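Participant: There's a structure below that I have some questions on.
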Amino acid sequence: MSSEGRMAFMPFITAGDPDLDTTVAVLKELANCGVDLIEIGFPYSDPIADGPVIQESYTRALNNHFQVHELFDVLKSLSSDQTTTLPPLVGMVSYAIIFRYGAEKFLNEASAAGFSGLIVPDLPGDEALEFSQKTQLANLDLVQLVSPLTPEDRTKRIVQTASGFIYCISVAGTTGVRDELPAELTTHLESLRQLTDLPLAVGFGISKPEHVDTLRGKADGFIIGSAIVKQFAAFSDSNQTRAEVISSIGNYASEMMSATRG
Amino acid sequence: MTTILSDVPDASGRFGEFGRRFVPETLMHALEELTQEYEKAKQDESFQSELNDLLKHYVGRPNPLYFAERLTKHCGGGKIYFKREDLNHTGAHKINNTIGQALLTMRMGKKRVIAETGAGQHGVASAVACARFGLECIVYMGEEDIRRQKLNVFNMKMMGAEVRAVTSGSKTLRDAVNDAMRDWMSSVESTHYIIGSVIGPHPFPMMVRDFQSVIGKETRAQCLEQTGKLPDQVIACVGGGSNSAGMFYPFIDDESVKLIGVEAGGRGPEPGEHASTLSYGAKGVLHGSFGYVLQDSDGQTQDVHSISAGLDYPGVGPEHSYWKDSGRVNYTAITDNEALEGFQTMAKQEGIIPAIESSHAIAHAMKVAREAHPDETIVVCLSGRGDKDVNEVARLLGQEI
Ligand SMILES: Cc1ncc(COP(=O)(O)O)c(C=O)c1O
Numbered sequence: 001m002s003s004e005g006r007m008a009f010m011p012f013i014t015a016g017d018p019d020l021d022t023t024v025a026v027l028k029e030l031a032n033c034g035v036d037l038i039e040i041g042f043p044y045s046d047p048i049a050d051g052p053v054i055q056e057s058y059t060r061a062l063n064n065h066f067q068v069h070e071l072f073d074v075l076k077s078l079s080s081d082q083t084t085t086l087p088p089l090v091g092m093v094s095y096a097i098i099f100r101y102g103a104e105k106f107l108n109e110a111s112a113a114g115f116s117g118l119i120v121p122d123l124p125g126d127e128a129l130e131f132s133q134k135t136q137l138a139n140l141d142l143v144q145l146v147s148p149l150t151p152e153d154r155t156k157r158i159v160q161t162a163s164g165f166i167y168c169i170s171v172a173g174t175t176g177v178r179d180e181l182p183a184e185l186t187t188h189l190e191s192l193r194q195l196t197d198l199p200l201a202v203g204f205g206i207s208k209p210e211h212v213d214t215l216r217g218k219a220d221g222f223i224i225g226s227a228i229v230k231q232f233a234a235f236s237d238s239n240q241t242r243a244e245v246i247s248s249i250g251n252y253a254s255e256m257m258s259a260t261r262g
Numbered sequence: 263m264t265t266i267l268s269d270v271p272d273a274s275g276r277f278g279e280f281g282r283r284f285v286p287e288t289l290m291h292a293l294e295e296l297t298q299e300y301e302k303a304k305q306d307e308s309f310q311s312e313l314n315d316l317l318k319h320y321v322g323r324p325n326p327l328y329f330a331e332r333l334t335k336h337c338g339g340g341k342i343y344f345k346r347e348d349l350n351h352t353g354a355h356k357i358n359n360t361i362g363q364a365l366l367t368m369r370m371g372k373k374r375v376i377a378e379t380g381a382g383q384h385g386v387a388s389a390v391a392c393a394r395f396g397l398e399c400i401v402y403m404g405e406e407d408i409r410r411q412k413l414n415v416f417n418m419k420m421m422g423a424e425v426r427a428v429t430s431g432s433k434t435l436r437d438a439v440n441d442a443m444r445d446w447m448s449s450v451e452s453t454h455y456i457i458g459s460v461i462g463p464h465p466f467p468m469m470v471r472d473f474q475s476v477i478g479k480e481t482r483a484q485c486l487e488q489t490g491k492l493p494d495q496v497i498a499c500v501g502g503g504s505n506s507a508g509m510f511y512p513f514i515d516d517e518s519v520k521l522i523g524v525e526a527g528g529r530g531p532e533p534g535e536h537a538s539t540l541s542y543g544a545k546g547v548l549h550g551s552f553g554y555v556l557q558d559s560d561g562q563t564q565d566v567h568s569i570s571a572g573l574d575y576p577g578v579g580p581e582h583s584y585w586k587d588s589g590r591v592n593y594t595a596i597t598d599n600e601a602l603e604g605f606q607t608m609a610k611q612e613g614i615i616p617a618i619e620s621s622h623a624i625a626h627a628m629k630v631a632r633e634a635h636p637d638e639t640i641v642v643c644l645s646g647r648g649d650k651d652v653n654e655v656a657r658l659l660g661q662e663i
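One line per chain: the protein sequences are A and B, in this order. Letter by letter, the first sequence follows residues 1 to 262 in our numbering. Letter by letter, the second sequence follows residues 263 to 663 in our numbering.
See the structure below:
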């Protein structure tokens, strides 16, 4: 991507919101827009790092009886479907789910379902050593998060167990759309650059092309969650058809794709 | 003397395999700072003497160890004693912890406090501590608990705290913890989160246990003085597990003392009908630590039910998980109806209106006492008084106030 001189766009969607058929349809739509990577959030009953938009989407999926193994099944059949080529998939999943499911079982099934990496927001670097060895064995990347409040010595330790890319949280806080990205973000990215060769992707708060412009040259990619996920609420709006909602998500993704080129 | 059982957690917050820190990176630095500050405060004589002075003159410690003669006769068997946390300022054990954490908040130079509450007792105790020291206080409370605990909501507001209704999920304690954690994520530089039980990421389970251990320390000394020996059995109710941890910890290395934690058995053992995490749960992660939880096979937290808002929690502190697996503490459950009966018996026999949480421990103590020899002493932690519960109890008994 950086060789093409553009940034990677990584949209986030919640699996099973409002059902897995919709998840598949949206994945295909995003793939057609040419997005670089898709983050798939696993609905969790007690998310701490997420703001209200993503929590509500988890609740919609769980109310509709989302189950981890069903997601894996659906993705497996999607990746054997010759008509669609999906970009790399990265799962965003609480350690509560992984542990209860059984770490090895989860990792093997995730890998078989086509995931190339995982983000485990409640498994900070300190606790991730053992787990990062398991992810390696399952051929999955373990993406680590770095917050603006992470001091340099912590960051140095964290980037050592990271692979794939570094998820740079733009603000101290939860996920959710914000008007402006903080001014300190640039210095934070510059100092991170000194500590790792992994690509830097920025997430939390990003929603519009202007945000992307401020990141150009400083980050390698960006993640958009709430701005996409909030559109999923419209699936339960009887005034819009499913096709309309999906194409509006696609339009938004295409607009952000153009922004990656500046 | 400390042993492998009492010399926990280690530096990473492990009680055996339990505990640790499963939180977003944004909170990690604050947890490290808090751990350091707490360790320093523990060694600092001026901190300890300020805390002890407040516990004595503001909270009203030591509170009595009371021999419940009539209840003992009523049950027929072992002697029942109550550790009277209900006589503390604010009427529950929760204040032991909030005073300690409020002092720490000021040491860290923070001016804003958040807290979560179920029964409202921890919310009130946080509001009190914040009023006492001039700190801003925001309390997260589930909508369902706001309905059940109107008196405490009013009290918190009187003391200048802001009560924020939590409308997500089951609208009870666990959702209040989620929202408080989220607030903390975006305010951690200016705000301290006073967690109300021995739950959450390290150092909270250790720190809250330490602040609550005053209960067990006093009980131990009072027992020796009043009965000439250690108690035979010690019983306390378990929500998140703070009054019980504070009561049990000073007895952990006394092998002769039987320790029993009593959980909310609700309407029965089916999922969703109770909040008996240690009796029916399995190992998992919730609210930043690893321990027993009530979850489905996908790791989603199960709904819980209890007559008492303070026990209505699908997790439990990691040290209790450790005590369960080591066999040091036995855990059992008391149903809603049994607790209601305990509540009424206590009121009639002893002229004490207990918190509905504490009534679980009382109900179990009554069972145990009947089986025990008259020379045996059974000490029960009366974790709080029942003023907050009388409206709900009247409603359940079909009476009007
Ligand atoms: C009086 C009383 N007892 C017990 C509890 C349960 O909490 P813990 O298990 O942390 O002592 C509460 C919680 O609100 C309470 O108010």
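By construction, the Cβ of each residue, glycine as well, lies at the ideal position given by its N, Cα and C atoms. All of these numbers come straight from a predicted model, not from anything done at the bench.
Using 8 Å as the Cβ pair cut-off and three pairs as the minimum, do the stretch 526 to 540 of chain B and the stretch 584 to 600 of chain B touch?
Facilitator: Counting Cβ pairs under 8 Å, three or more are found: they touch.
Participant: Relative to the C-alpha of residue 643 of chain B, which candidate in B/656, B/618 and B/634 has its C-alpha closest?
Facilitator: When only C-alpha atoms are compared, the closest one is B/618.
Participant: Three-state secondary structure (DSSP) at residue 113 of chain A?
Facilitator: Residue 113 of chain A: coil per DSSP, three-state reduction.
Participant: Just to make sure I have the definition right: I need the residues of chain A whose C-beta is within less than 7 Å of the C-beta of residue 298 of chain B. Which are they?
Facilitator: Near residue 298 of chain B there are no residues of chain A at all, since even the closest Cβ is about 13 Å away, more than 7 Å.
Participant: Where DSSP assigns a beta bridge to residue 14 of chain A, which residues make up the other side?
Facilitator: Answer is A/41, bridged to residue 14 of chain A.
Participant: Relative to the alpha-carbon of residue 189 of chain A, which residue among A/200, A/145 and A/109 has its alpha-carbon at the smallest distance?
Facilitator: Out of A/200, A/145 and A/109, A/200 has the C-alpha closest to the C-alpha of residue 189 of chain A.
Participant: Run through chain A and tell me which residues come within less than 7 Å of residue 282 of chain B, C-beta to C-beta.
Facilitator: Under the 7 Å cutoff, chain A gives 127.
Participant: Applying the criterion that 16 or more other CB atoms from any shown protein chain within 10 Å of the CB defines a buried residue, is residue 341 of chain B buried or exposed?
Facilitator: So residue 341 of chain B ends up on the buried side.
Participant: Could you tell me the distance, in whole angstroms, from the CA atom of residue 608 of chain B to the CA atom of residue 281 of chain B?
Facilitator: The straight-line gap from Cα to Cα measures roughly 36 Å.
Participant: Quick check: the Cα distance between residue 279 of chain B and residue 103 of chain A, rounded to an integer number of angstroms?
Facilitator: Approximately 16 Å between the Cα atoms of the pair.
Participant: Return the CA-CA distance between residue 2 of chain A and residue 396 of chain B, expressed in angstroms with no decimal places.
Facilitator: Residue placement at residue 2 of chain A is poorly supported in this model, since its pLDDT is 49, which falls under 50; the coordinates still yield a value, given next. Computed Cα separation, rounded: 53 Å.
Participant: Considering Cα atoms alone, identify which of A/257, A/224, A/30 and A/51 is closest to residue 292 of chain A.
Facilitator: Because chain A is modelled from 1 through 262, residue 292 of chain A falls outside the range shown and cannot be assessed.
Participant: Give the range of the alpha helix (DSSP H) segment to which residue 485 of chain B is assigned.
Facilitator: Counting along the chain, the alpha helix (DSSP H) containing residue 485 of chain B begins and ends at 476 to 489.
Participant: With a cut-off of 8 Å, does the C-beta of residue 232 of chain A fall near any C-beta of chain B?
Facilitator: Output row for residue 232 of chain A: interface = no.
Participant: Taking the alpha-carbon positions, what's the residue 442 of chain B to residue 431 of chain B distance?
Facilitator: Distance between the alpha carbons of residue 442 of chain B and residue 431 of chain B is about 14 Å.
Participant: What residue range does the beta strand (DSSP E) around residue 548 of chain B cover?
Facilitator: Looking at the DSSP string, the run of the beta strand (DSSP E) that includes residue 548 of chain B is 544 to 548.
Participant: Can you tell me whether residue 274 of chain B is buried or exposed, with buried defined as 16 or more other CB within 10 angstroms of its CB?
Facilitator: By the neighbour-count rule (16 or more Cβ atoms within 10 Å), residue 274 of chain B is not buried but exposed.
Participant: Quick one: using the 10 Å Cβ neighbour count with 16 as the cut-off for buried, is residue 154 of chain A buried or exposed?
Facilitator: Residue 154 of chain A is buried by the Cβ-count criterion.
Participant: Beta carbon of residue 500 of chain B: closer than 7 Å to some heavy atom of ligand 1?
Facilitator: Correct: residue 500 of chain B has its Cβ closer than 7 Å to ligand 1.
Participant: Quick one: does the C-beta of residue 573 of chain B sit closer than 7 Å to a heavy atom of ligand 1?
Facilitator: Checking every heavy atom of ligand 1 against the Cβ of residue 573 of chain B, one is found closer than 7 Å.
Participant: Could you work out which residues of chain B lie near residue 57 of chain A, taking near to mean beta carbons separated by less than 7 Å?
Facilitator: None at all; the shortest Cβ gap to chain B is about 12 Å.
Participant: Anything in chain B within Cβ reach of residue 249 of chain A, meaning under 7 Å, just list it in chain order.
Facilitator: By Cβ distance, chain B contributes nothing, its closest Cβ being about 24 Å from residue 249 of chain A, past 7 Å.
Participant: Please find out if some non-hydrogen atom of ligand 1 comes closer than 7 Å to the beta-carbon of residue 345 of chain B.
Facilitator: No, since every heavy atom of ligand 1 falls outside the 7 Å radius drawn around the Cβ of residue 345 of chain B.
Participant: Could you work out which residues of chain E lie near residue 560 of chain B, taking near to mean beta carbons separated by less than 7 Å?
Facilitator: Absent here is chain E; the protein component of the structure consists of chains A and B.
Participant: Does at least one heavy atom of ligand 1 sit under 7 Å from the Cβ of residue 364 of chain B?
Facilitator: No, Cβ of residue 364 of chain B sits at least 7 Å from all heavy atoms of ligand 1.
Participant: Over the uninterrupted beta strand (DSSP E) stretch that includes residue 551 of chain B, give me the two end residues.
Facilitator: Taken as a continuous stretch (DSSP letters only), the beta strand (DSSP E) holding residue 551 of chain B covers 551 to 555.
Participant: Could you list which residues in chain B have their beta carbon closer than 7 Å to that of residue 151 of chain A, in chain order?
Facilitator: Going along chain B in sequence order, the residues near residue 151 of chain A (Cβ under 7 Å) are 291.
Participant: Quick one, which residues of the stretch 164 to 182 of chain A are near chain B if we go by CB-CB under 7 Å, in chain order?
Facilitator: If the cut-off is 7 Å between Cβ atoms, the stretch 164 to 182 of chain A has 169, 172, 173 and 174 near chain B.
Participant: Just checking residue 355 of chain B against ligand 1 - is the residue's beta carbon closer than 7 Å to any of the ligand's heavy atoms?
Facilitator: Yes - ligand 1 has a heavy atom lying nearer than 7 Å to the Cβ of residue 355 of chain B.
Participant: Determine, using beta carbons only, whether residue 273 of chain B comes closer than 8 Å to chain A.
Facilitator: Answer no: the Cβ-Cβ gap between residue 273 of chain B and chain A never drops below 8 Å.
Participant: What does residue 154 of chain A reach in chain B if we use C-beta pairs closer than 9 Å?
Facilitator: 287, 290, 291 and 294, listed in chain order.
Participant: Give the straight-line distance between the Cα atoms of residue 543 of chain B and residue 393 of chain B, rounded to the nearest whole angstrom.
Facilitator: Between residue 543 of chain B and residue 393 of chain B, the C-alpha separation is close to 38 Å.
Participant: Does residue 48 of chain A have its Cβ less than 8 Å from a Cβ in chain B?
Facilitator: By this cut-off, residue 48 of chain A is an interface position.
Participant: For a test of your reading of the model: does the CB of residue 411 of chain B fall under 7 Å from any non-hydrogen atom of ligand 1? Yes or no.
Facilitator: Answer for residue 411 of chain B: no, Cβ out of range of ligand 1.
Participant: Taking the alpha helix (DSSP H) that residue 310 of chain B falls in, what are its first and last residues?
Facilitator: Its alpha helix (DSSP H) spans residues 307 to 316.
Participant: DSSP on residue 139 of chain A, reduced to helix/strand/coil?
Facilitator: Here residue 139 of chain A sits in coil by DSSP.
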